[in-house]
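Residue numbers (our numbering), protein chains in the order written: chain E, 2 to 315; chain W, 364 to 643.
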């Protein structure tokens, strides 16, 4: 029996995948996809890796990822992902790590600039909310999409490309999917559905956002770095000079995946330095907790209006 | 390399005071803002875990995170030849794969800070805004954990604290070199107590420097700093992290019944560290 393949577009690439993602929009089959995803045999480790972390190893153009109870992934040459499923792993678990860490490694191999952040389109402009896990990136982006007329460009990982002709940086569309915790889901008035948990033992739900998803690149104007405080009012502060580079490159998604790939690292820093003059970068401190989100949203809206990134009539 | 130093304690036992003192000694000067101290690594930092593991911890089950922690700590150890100080409220335990979460082969040692559980109960009741009887029950709960992400994601990873006695004995029997400090001795005999800890950590010091560091981290100084700059480790629901900085507050706070309950639950360890008169 022939293997069935599914074609998906994300981050400016076409993926030919052996595993279906129920929330992604299938594309028509093409003869030369950018990346082939297939099941196959994956070694237990790489020989003499150049660098490693708790779950990964990399050597030259090979990247190896091992997720306990789920599977092993081998990402090669920026155009191939092979998956070996571990006993008992569900399709849902396989795709959680495939479309996050495995694809992030692939994007790094292709020299793409990817940051840890969720991005929205407000008006004609892209805004990225970046920050560590738990800082509220997805929740803030979701609130803008559900209540403030924004659209989602990407959740959790945002890929930025620079067009040398127009000298404009763009955010590339990611997936029409968000992963939300129960408190955020309740805040958005969504119905909690245990059958859509990303994994049986992790209380995070996959939310299909096809109706709020932008499927084209959007000019990037604003980048917020979120952090939380436990006292006092929140604050937004614009950063300038070398701090902008430090802040943006500090939020490169899975920066450790770049270790020892010196040429790739240089490409990404060069790309980042071209982008910086074109975008506004701010730190955003907010009080921790879902109860303080409304004031955070208000603060962001005011900042976007004052800086001219959105107008008051939107 | 054995360069990881665990600064371990049950919550509200003086761990932060010790870290502030150590930061002052290591930096050679005081930090007016408590949020800018040198010894600021937390063993349950989600950010550190995600970076070193190379995966998003919020997509892993807690036992999977604990199974990866030894590798994460190994990587942290290999990144530097210097001591890496990590605050932890975890008890010492084996993960589901059977390995110590805090790997002995990369551990220089542990400074274990212990405090009279009668005062610990009072301090935790204030800090977590819980009735003292509930805190007493928690202190006897072997399964108790902090930062359990069920409906929301905490910025810190889950910490298995367990019961007060088990917390202390888990570290004492861990196989890691342990130097125990009593909170009460930090208050009553500060120069001697802190100096002994520095010797254990093989940090060079002079008595004068220890005195300066103690003055820079006196309760009044750090309380004032918290009022001015806030403290990032404080719970949002609590007014202040640093409350009284005293020993013996339990005498005017706990009932006879509560005292007897704590003594009954933790008799052996309390006697071992001089918190109970034999025969109480």
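Just so you know, even glycine gets a beta-carbon here, dropped at the ideal spot from N, CA and C.
- Considered as a whole, the segment 203-235 of chain E harbours 203-209 and 219-230 as its complete beta strand (DSSP E) runs of no fewer than 3 residues, in chain order.
- At a cut-off of 8 Å, the C-beta of residue 234 of chain E has no neighbouring C-beta in chain W.
- When secondary structure is reduced to three states using DSSP, residue 76 of chain E falls in the strand class.
- With 16 or more neighbouring CB atoms inside 10 Å of its own CB, residue 379 of chain W falls in the buried class.
- Secondary structure note for residue 36 of chain E: its beta strand (DSSP E) is the uninterrupted segment 36-40.
- Within the same chain, Cβ atoms closer than 7 Å to the Cβ of residue 67 of chain E are found at 56 and 73, the five residues on either side in sequence being excluded.
- Look at the segment 161-186 of chain E: the residues with a C-beta under 7 Å from a C-beta of chain W are 182, 183 and 184.
- Look at the beta carbons and you see the segment 457-468 of chain W touching the segment 421-436 of chain W: at least three pairs across the two are nearer than 8 Å.
- Assigned with DSSP and collapsed to three states, residue 11 of chain E falls in strand.
- Selection E:93, E:104 and E:188 evaluated against residue 81 of chain E yields E:104 as nearest (Cα-Cα).
- Excluding five sequence positions before and after residue 48 of chain E, the CB atoms of its chain that fall closer than 8 Å to its own CB belong to 60, given in chain order.
- The continuous stretches of alpha helix (DSSP H) do not include residue 473 of chain W, which lies in the beta strand (DSSP E) extending over residues 470-477.
- Taking a C-beta distance under 8 Å as the contact criterion, residue 383 of chain W and residue 580 of chain W qualify as a contact pair.
- Excluding residues up to 5 positions away in sequence, 73, 75, 83 and 85 lie with their Cβ nearer than 6 Å to the Cβ of residue 43 of chain E in the same chain.
- The distance from the Cβ of residue 455 of chain W to that of residue 367 of chain W is about 13 Å, inconsistent with a contact at the 8 Å cut-off.
- At a cut-off of 8 Å between beta-carbon atoms, residue 209 of chain E makes no contact with chain W.
- At a Cβ-Cβ threshold of 8 Å, residue 134 of chain E and residue 179 of chain E do not count as neighbours.
- In its chain, beyond the 5 residues on either side, 20, 71, 72, 84 and 86 have a beta carbon closer than 8 Å to the beta carbon of residue 95 of chain E.
- Taking 8 Å as the CB threshold, residue 510 of chain W stays off the interface with chain E.
- Judged by DSSP in its simplified three-state form, residue 139 of chain E adopts helix.
- Judged by DSSP secondary structure, residue 170 of chain E falls within the beta strand (DSSP E) whose first and last residues are 169-173.
- For residue 49 of chain E, the nearest beta carbon of chain W is not closer than 8 Å to its own beta carbon.
- The segment 298-314 of chain E and the segment 514-531 of chain W do not touch, with fewer than three beta-carbon pairs separated by less than 8 Å.
- Within the segment 473-515 of chain W, the alpha helix (DSSP H) runs of at least 4 residues that lie entirely inside it are, in chain order, 480-490 and 495-501.
- Pairing residue 240 of chain E with residue 297 of chain E gives a Cβ-Cβ distance that is not under 8 Å.
- One finds 414, 415 and 417 in chain W with Cβ atoms closer than 9 Å to the Cβ of residue 257 of chain E, taken in chain order.
- For residue 447 of chain W, same chain residues with a beta-carbon under 8 Å away, outside a window of 5 residues either side, are 366, 367, 368, 404, 439 and 440 in chain order.
- For the set E:181, E:287, E:248 and E:182, the Cα lying nearest the Cα of residue 232 of chain E is the one of E:287.
- Residue 5 of chain E sits in coil when the DSSP states are folded into three classes, being neither helix nor strand.
- For residue 386 of chain W, the closest of W:619, W:568 and W:625 by C-alpha to C-alpha distance is W:568.
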